[in-house]
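Asks: If you read the sequences in order, they're chains A, B and C. Taking the numbering used here, the leading residue of the first sequence gets 3, the next gets one more, and so forth. Taking the numbering used here, the leading residue of the second sequence gets 667, the next gets one more, and so forth. Taking the numbering used here, the leading residue of the third sequence gets 11, the next gets one more, and so forth. Positions of the beta carbon are idealized from the N, C-alpha and C atoms, including for glycine.
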Amino acid sequence: MTLVTPVGSTQARRAQRAPRRSLRLRRRLPGWLVLVAAAIPILIVILGFALPKLTGYSPTAFVARPLLAPSWAHPFGTDQFGRDIFVRCFVASHIDYLVAVVGVGVASIAGSIIGVAVASTRVRGVDWAVMRIVDAVIAFPFIVLALAFVVVFGQGASLLGLPQGMPALFAAFLLVGWAYYARLARSQAVSLRSRDFVTAAHLMGYSNTRISLRHVMPIVMATTMAYAVGDAILTVALTASLSFLGAGIGPPAPEWGQMMFDGRGLLQIAWWMTLFPALMLVTSGLCLAVIADHAIKRLEDRA
Amino acid sequence: MMTADRLPAGGEATALLAADKVSLGYAGVAVVHGVSLRVSSGAALGIAGESGSGKSTLARALVGDIFPVRGSVTVNGRAWKDVGRKDPDRRLVQMIFQDPYSALNPRMTARQAVSETLHVVRGVPRRDAGERAGEVLARVGLSGSAIDARPHRLSGGQRQRAVIARALACEPGVLIADEPTSSLDVSIQAQILDLLVDLRAEHGLALVLVTHDLAVIKHMTDTCIVMRDGIVVEEGPTQQILAEPRHDYTRALVDAHLGSPNSIGPGPKR
Amino acid sequence: MTRPTVTGPTVTGPTVTGPTVVTPPVAEIQGLAISIAGREIVTRVDLEIAAGEGVGLVGESGSGKSVTCRSLIGLLGFIGATVTAGQVRIGGKDMTSASQRQWQALRGTTVSLVPQASLAGLDPLIRVGGQLREVIRRDDRGADPAHRSLELLDQVRMPDPQRVLRAYPHELSGGMRQRAMIALAIAGRPALLIADEATTALDATIQRSILNLLDGLRTELGMALLLVSHDLAVIRSATDRVAVMYAGTIVERAASSEVFIRPRHPYTAALTAADPALVPRGRRLRSLLGDPPQPGAWPGGCRFAPRCGYRQPQCEQSLPPLIADESGHAVACLRAEEISL
Numbered sequence: 003m004t005l006v007t008p009v010g011s012t013q014a015r016r017a018q019r020a021p022r023r024s025l026r027l028r029r030r031l032p033g034w035l036v037l038v039a040a041a042i043p044i045l046i047v048i049l050g051f052a053l054p055k056l057t058g059y060s061p062t063a064f065v066a067r068p069l070l071a072p073s074w075a076h077p078f079g080t081d082q083f084g085r086d087i088f089v090r091c092f093v094a095s096h097i098d099y100l101v102a103v104v105g106v107g108v109a110s111i112a113g114s115i116i117g118v119a120v121a122s123t124r125v126r127g128v129d130w131a132v133m134r135i136v137d138a139v140i141a142f143p144f145i146v147l148a149l150a151f152v153v154v155f156g157q158g159a160s161l162l163g164l165p166q167g168m169p170a171l172f173a174a175f176l177l178v179g180w181a182y183y184a185r186l187a188r189s190q191a192v193s194l195r196s197r198d199f200v201t202a203a204h205l206m207g208y209s210n211t212r213i214s215l216r217h218v219m220p221i222v223m224a225t226t227m228a229y230a231v232g233d234a235i236l237t238v239a240l241t242a243s244l245s246f247l248g249a250g251i252g253p254p255a256p257e258w259g260q261m262m263f264d265g266r267g268l269l270q271i272a273w274w275m276t277l278f279p280a281l282m283l284v285t286s287g288l289c290l291a292v293i294a295d296h297a298i299k300r301l302e303d304r305a
Numbered sequence: 667m668m669t670a671d672r673l674p675a676g677g678e679a680t681a682l683l684a685a686d687k688v689s690l691g692y693a694g695v696a697v698v699h700g701v702s703l704r705v706s707s708g709a710a711l712g713i714a715g716e717s718g719s720g721k722s723t724l725a726r727a728l729v730g731d732i733f734p735v736r737g738s739v740t741v742n743g744r745a746w747k748d749v750g751r752k753d754p755d756r757r758l759v760q761m762i763f764q765d766p767y768s769a770l771n772p773r774m775t776a777r778q779a780v781s782e783t784l785h786v787v788r789g790v791p792r793r794d795a796g797e798r799a800g801e802v803l804a805r806v807g808l809s810g811s812a813i814d815a816r817p818h819r820l821s822g823g824q825r826q827r828a829v830i831a832r833a834l835a836c837e838p839g840v841l842i843a844d845e846p847t848s849s850l851d852v853s854i855q856a857q858i859l860d861l862l863v864d865l866r867a868e869h870g871l872a873l874v875l876v877t878h879d880l881a882v883i884k885h886m887t888d889t890c891i892v893m894r895d896g897i898v899v900e901e902g903p904t905q906q907i908l909a910e911p912r913h914d915y916t917r918a919l920v921d922a923h924l925g926s927p928n929s930i931g932p933g934p935k936r
Numbered sequence: 011m012t013r014p015t016v017t018g019p020t021v022t023g024p025t026v027t028g029p030t031v032v033t034p035p036v037a038e039i040q041g042l043a044i045s046i047a048g049r050e051i052v053t054r055v056d057l058e059i060a061a062g063e064g065v066g067l068v069g070e071s072g073s074g075k076s077v078t079c080r081s082l083i084g085l086l087g088f089i090g091a092t093v094t095a096g097q098v099r100i101g102g103k104d105m106t107s108a109s110q111r112q113w114q115a116l117r118g119t120t121v122s123l124v125p126q127a128s129l130a131g132l133d134p135l136i137r138v139g140g141q142l143r144e145v146i147r148r149d150d151r152g153a154d155p156a157h158r159s160l161e162l163l164d165q166v167r168m169p170d171p172q173r174v175l176r177a178y179p180h181e182l183s184g185g186m187r188q189r190a191m192i193a194l195a196i197a198g199r200p201a202l203l204i205a206d207e208a209t210t211a212l213d214a215t216i217q218r219s220i221l222n223l224l225d226g227l228r229t230e231l232g233m234a235l236l237l238v239s240h241d242l243a244v245i246r247s248a249t250d251r252v253a254v255m256y257a258g259t260i261v262e263r264a265a266s267s268e269v270f271i272r273p274r275h276p277y278t279a280a281l282t283a284a285d286p287a288l289v290p291r292g293r294r295l296r297s298l299l300g301d302p303p304q305p306g307a308w309p310g311g312c313r314f315a316p317r318c319g320y321r322q323p324q325c326e327q328s329l330p331p332l333i334a335d336e337s338g339h340a341v342a343c344l345r346a347e348e349i350s351l
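Structure below.
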């Protein structure tokens, strides 16, 4: 099942599922909730910068005895090397969020451009060919493909001082992620093609480039961006999963999945090693979900 | 079945827009067959027909959106196929659509849309376009906050005015209106029709009104053609056709639309 | 927004027969107010439909006409609407707060609804004959389904009834689908048939024949007809009386033959003046400025005042009551007596 589906079909499915009792106007999430949901990840990132300075603990240094339970000195306890988990949790957010933002951001933009280009091209066969490639990419289980890329690019590769394994992850998300957006963008572009304002543009002599770039693209991007936020949640989860599988961000960089991997054998004696990174992951996911929901509803209100 | 050989709105005036034995089809199915008509400057031609009559398809051919399988559609004597994108004749024929919301870019305000048209089609420099757009929009009755609002905030009537303004910004010679008021309330329909009448008078625009509503045809057009199943069954001066329809189908249409006594007098005095 | 307490004498339709026998009207709405999600959609509506009568409900968007007719068949809950004041009576029985169960007993047999013609009006997966039989089994128990189906199709003048029985809805033309929906609606021999924009999406010639059909059924079955439409011509040709709605209230109510020739409310006059069928060639349509107000944005006082050429300060004070003259022609306008339209 793809992560992203055309707006139209979501609406259609929602309409079919409307309760017989009453067709209430779909309610928006309360404004304050959306604000809170937007603020939390920002807060987490800020703390990720501030905490090492405030506490004096580096996320990679051994600062205390290993496997200490949560206490005032170490609110989330320490891991098997004596690193403070509290600081590590928040610093880890930078890595996960960065992969999500860059991976999803670039994939969505690249995919949208490809999708719109393919929809408006007059060159025969291009549309068909590209869409078959898209089908192939989407058909593969994402994790398998991502793992393959990591193997190819090598975990050891380190680029620009980024933690080990990050370039491989970027590559994985970009090379796979674009396809979903290309499909979404293309179907949007095709349906927009038949709208009267595009006909009007043709009648007035607008160039195809102008129509694609200034009219179709912004509308398509509005949709893809809304879904990209939702996609980000999954990307964060996938990064953690890949790291958990040993194919993502390598040690000693803190990363939630990596931390949960470390803690899995010690659940009975050091449950805090697994719980807190998991909580961070879930919280991030929830916040992103709320933001994505709000963005999509705003989009549908306008459409 | 075909009646007069003489084409409506005919005579010696050069036709701005003409169709000559046009046939249109999709995938081997003929939707329009052998239709001819002429539109001279300032004329008001009606194309009447019910759903499936091919009138909308014909309208698309008249604006050059689709090309005929047989026959030709010419603007200023030239076939649409020969009119390039940047050709000055391209802007001569513009269209007003049935669904005003679909006819507007949902992310552009009326001012932005009209500015773009002025800039691209009329070469108005960008910095002046915004203000000129405001003037064009004022002419169609849109002003104030409505100009800078996105389409989803506008009423149906306002949206249709924006569509008309955009078409007007091209300074066309012919306006093809495809069911321009079918999706609007009665009182709004009246506003839009009055607006079209005014614009025609001000700019000498020719109007081709494509609709199933004979009452609108009666009110707005000088000559008309009646279509059914892709062919013209009757054509001629509107008043004459509606008063004394010769073809059975026309008669049925007239009865259905204007049948009951509409001899109610000249309307309220104000 | 305060609602005025004054309500003028309401028009009683031709229901009082003799000094001792009074037949209750088939349907009656009194002082009805309906809200959706806290917003008032319909205010203080009074309407009576006598047995066998043809009544029209005319209005533009935001007028509340669809919601009003939904109240007569208990479908308010489905659109999230609730009655906040007034009464709805069907055949003399108060149904204002009736349960769905109680409404179910009336639907099809006392009150029936024919919605706007569309593919969605009929179940796309079941053949027409099957849908007919299902309704017959429910609303007309005694009848033999096969026989009654054909009888109904004949009543609605369906061409080629045998083929139609075996056909799926998408295989029929728009007009035939509408006839099928009417057949379903009259299977239970209802006393009142509500046609909500039933002819709107159809071609003019088909519209005419469907209207003739509805009119004919009225006489044949002695059924009352409530015709809801935005199209004046449709209303004029198929009803005896009409109520004109604007922004949730009735602004004028009179005989159909009267109201469009001699309207007494400025809005009705404007509607008539705006109809291209009625305005001679060459004359402007005398259009109204502005748009009809939407629920939630209703002005205080007379809701038509902002667009009315006859308004005066008093008009903005309170909602004018609907007052009838001797002939039964009712208007909701403070200046009805003074102005000549």
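Given a cut-off of 8 Å on the beta-carbon distance, is the pair T877 (chain B) and L859 (chain B) in contact?
Replies: Residue numbering aside, residue 877 (chain B) sits at position 211 when the second sequence is read from its first letter. Residue numbering aside, residue 859 (chain B) sits at position 193 when the second sequence is read from its first letter. No, they are not a contact pair.
Asks: Look at I44 (chain A) and F92 (chain A) and say whether their C-beta atoms are less than 8 Å apart.
Replies: In the first sequence, the residue the question calls residue 44 (chain A) occupies position 42. In the first sequence, the residue the question calls residue 92 (chain A) occupies position 90. Cβ atoms of I44 (chain A) and F92 (chain A): not closer than 8 Å.
Asks: So L850 (chain B) contacts chain A; which residues on that side make the cut at Cβ distance below 7 Å?
Replies: By one-based count along the second sequence, residue 850 (chain B) stands at place 184. Within 7 Å Cβ-Cβ: nothing; L850 (chain B) doesn't reach chain A, min ~15 Å.
Asks: With DSSP collapsed to three states, give me the class of Q270 (chain A).
Replies: On the first sequence, residue 270 (chain A) is found 268 positions in, with the first residue counted as 1. In this structure, Q270 (chain A) counts as coil in the three-state DSSP scheme.
Asks: Buried or exposed for T33 (chain C), going by 16 or more other Cβ atoms inside 10 Å?
Replies: Position 23 of the third sequence, counted from the first residue, corresponds to residue 33 (chain C). By the neighbour-count rule (16 or more Cβ atoms within 10 Å), T33 (chain C) is not buried but exposed.
Asks: So is W180 (chain A) buried or exposed if we call it buried at 16+ other beta carbons inside 10 Å?
Replies: Residue mapping note: residue 180 (chain A) aligns to position 178 of the first sequence, counting from 1. So W180 (chain A) counts as buried.
Asks: Is there a Cβ of chain F sitting closer than 8 Å to that of L135 (chain C), yes or no?
Replies: Included in the structure are the protein chains A, B and C, with no chain F among them.
Asks: Can we say the stretch 60-67 of chain C touches the stretch 43-51 of chain C, given the rule of at least three CB pairs closer than 8 Å?
Replies: no
Asks: What is the rounded straight-line gap between the Cα of R751 (chain B) and the Cα of G300 (chain C)?
Replies: Counting from one through the second sequence, the residue named residue 751 (chain B) turns up at place 85. Counting from one through the third sequence, the residue named residue 300 (chain C) turns up at place 290. Cα to Cα, R751 (chain B) sits roughly 38 Å from G300 (chain C).
Asks: For the putative contact between A257 (chain C) and G90 (chain C), defined by C-beta atoms under 8 Å, what is the C-beta separation to the nearest angstrom?
Replies: Counting from one through the third sequence, the residue named residue 257 (chain C) turns up at place 247. Counting from one through the third sequence, the residue named residue 90 (chain C) turns up at place 80. Not quite, the Cβ-Cβ distance comes to about 20 Å (not below 8 Å), so this is no contact.
Asks: For M219 (chain A) and chain B, any beta-carbon pair shorter than 8 Å?
Replies: Here residue 219 (chain A) refers to the residue found at position 217 of the first sequence. Not closer than 8 Å to any Cβ of chain B, the Cβ of M219 (chain A) fails to qualify, so no.
Asks: Would M168 (chain A) and I251 (chain A) be called neighbours here (beta carbons separated by less than 8 Å)?
Replies: Residue 168 (chain A) sits at position 166 when you count from the first residue of the first sequence. Residue 251 (chain A) sits at position 249 when you count from the first residue of the first sequence. Cβ atoms of M168 (chain A) and I251 (chain A): closer than 8 Å.
Asks: Quick check on I907 (chain B) - is its C-beta less than 8 Å from some C-beta in chain C?
Replies: Here residue 907 (chain B) corresponds to residue number 241 of the second sequence, with the count starting at 1. No, I907 (chain B) does not count as interfacial toward chain C.
Asks: Can you tell me whether T80 (chain A) is helix, strand or coil according to DSSP?
Replies: Mapped onto the first sequence, residue 80 (chain A) falls at position 78. In the structure shown, T80 (chain A) sits in a strand (DSSP, three-state: E or B).
Asks: If contact is defined by three or more beta carbon pairs under 8 Å, each pair taking one atom from either stretch, is the stretch 730-739 of chain B in contact with the stretch 681-693 of chain B?
Replies: Here the stretch 681-693 of chain B makes contact with the stretch 730-739 of chain B; the two share three or more CB pairs at distances below 8 Å.
Asks: Kindly indicate which three-state DSSP category P21 (chain A) falls into: helix, strand or coil?
Replies: One-based indexing of the first sequence puts residue 21 (chain A) at position 19. Any reading at P21 (chain A) must be qualified, since the residue scores a pLDDT of 36, below 50, and its modelled position is unreliable; the value itself is stated next. Coil, per DSSP.
Asks: Does the beta carbon of Y229 (chain A) sit closer than 8 Å to a beta carbon anywhere in chain B?
Replies: As a working mapping, residue 229 (chain A) is identified with position 227 in the first sequence. Not one chain B Cβ lies under 8 Å of Y229 (chain A).
Asks: For V124 (chain C) versus A243 (chain C), is the C-beta spacing smaller than 8 Å?
Replies: Working through the third sequence from its first residue, we reach residue 124 (chain C) at position 114. Working through the third sequence from its first residue, we reach residue 243 (chain C) at position 233. It is not a contact, given that the beta carbons lie outside the stated cut-off.
Asks: Which two residues bound the contiguous alpha helix (DSSP H) that contains P903 (chain B)?
Replies: Stepping through the second sequence from its first residue, residue 903 (chain B) is reached at position 237. Here P903 (chain B) belongs to no alpha helix (DSSP H); instead the beta strand (DSSP E) covers 897-903.
Asks: Please list, in chain order, the chain B residues whose beta carbon lies closer than 7 Å to that of D198 (chain A).
Replies: Your numbering for residue 198 (chain A) matches position 196 in the first sequence. Under the 7 Å cutoff, chain B gives F763, D765, S768, A769.
Asks: If we define contact as Cβ-Cβ less than 8 Å, is S337 (chain C) a contact residue for chain B?
Replies: As a first step, residue 337 (chain C) is located in the third sequence; it is residue number 327 there, counting from the start. False, the Cβ-Cβ gap to chain B never drops below 8 Å.
Asks: Under 7 Å Cβ-Cβ, which residues of chain A neighbour V729 (chain B)?
Replies: In the second sequence, the residue the question calls residue 729 (chain B) occupies position 63. Residues of chain A passing the Cβ test: L205.
Asks: Hey, P330 (chain C) and C312 (chain C) are a contact pair by Cβ (cut 8 Å); roughly how many whole angstroms apart?
Replies: Within the third sequence, numbered from 1, the residue matching residue 330 (chain C) stands at position 320. Within the third sequence, numbered from 1, the residue matching residue 312 (chain C) stands at position 302. Confirmed, about 5 Å.
Asks: So within the stretch 88-133 of chain C, which uninterrupted alpha helix (DSSP H) runs reach at least 4 residues, ignoring any that extend past its ends?
Replies: Fully enclosed alpha helix (DSSP H) runs of 4 or longer: 110-116.
Asks: Quick check on the burial criterion: 16 or more other C-beta atoms within 10 angstroms. Buried or exposed for T211 (chain A)?
Replies: As a first step, residue 211 (chain A) must be located in the first sequence, where it is residue number 209. Exposed, since its Cβ has fewer than 16 Cβ neighbours within 10 Å.
Asks: Please list the partners that Q857 (chain B) has in chain C, where partner means a Cβ-to-Cβ separation under 7 Å.
Replies: Against the second sequence, residue 857 (chain B) aligns to sequence position 191. Those within 7 Å of Q857 (chain B) in chain C are S297.
Asks: On the three-state DSSP scale, how would you describe T91 (chain A)?
Replies: Locating residue 91 (chain A) in the first sequence gives position 89, counting from the first residue. Residue 91 (chain A) is actually Cys in this sequence, not Thr. C91 (chain A): helix per DSSP, three-state reduction.
Asks: Can you tell me whether DSSP reads A40 (chain A) as helix, strand or coil?
Replies: Here residue 40 (chain A) refers to the residue found at position 38 when the first sequence is read from its first residue. Helix at A40 (chain A).
Asks: Please report the straight-line C-alpha distance between G338 (chain C) and G84 (chain C), rounded to a whole angstrom.
Replies: The residue given as residue 338 (chain C) occupies position 328 in the third sequence. The residue given as residue 84 (chain C) occupies position 74 in the third sequence. One C-alpha to the other measures close to 29 Å.
Asks: Let me see if you follow: with CB-CB separation under 8 Å, is A872 (chain B) close to chain C or not?
Replies: Position 206 of the second sequence, counted from the first residue, corresponds to residue 872 (chain B). Output row for A872 (chain B): interface = no.
Asks: Could you tell me whether the stretch 257-277 of chain A touches the stretch 236-244 of chain A, where touching means 3 or more Cβ pairs closer than 8 Å?
Replies: yes
Asks: Can the beta-carbon of V614 (chain B) be found closer than 8 Å to that of V749 (chain B)?
Replies: Outside the shown range of chain B, which is 667 to 936, sits residue 614 (chain B), and nothing can be said about it.
Asks: Just to confirm my understanding: we take R188 (chain A), look at its own chain, exclude 5 residues before and 5 after, and list those with CB closer than 6 Å. What are they?
Replies: Start at 1 with the first residue of the first sequence, and residue 188 (chain A) comes out as number 186. Result list for R188 (chain A): G117, V120, A121, in chain order.
Asks: Determine contact between the stretch 76-83 of chain A and the stretch 145-156 of chain A, defined as no fewer than three beta-carbon pairs at a distance below 8 Å.
Replies: no
Asks: Along the alpha helix (DSSP H) that carries A37 (chain C), what are the first and last residues, could you check?
Replies: As a working note, residue 37 (chain C) is residue 27 in the third sequence. Where A37 (chain C) is concerned, there is no enclosing alpha helix (DSSP H), although the beta strand (DSSP E) it sits in stretches over 37-46.
Asks: Look at the Cβ atom of R819 (chain B), then the Cβ atom of L770 (chain B), and state whether they are nearer than 8 Å.
Replies: In the second sequence, counting from the first residue as 1, residue 819 (chain B) sits at position 153. In the second sequence, counting from the first residue as 1, residue 770 (chain B) sits at position 104. It is not a contact, given that the beta carbons lie outside the stated cut-off.
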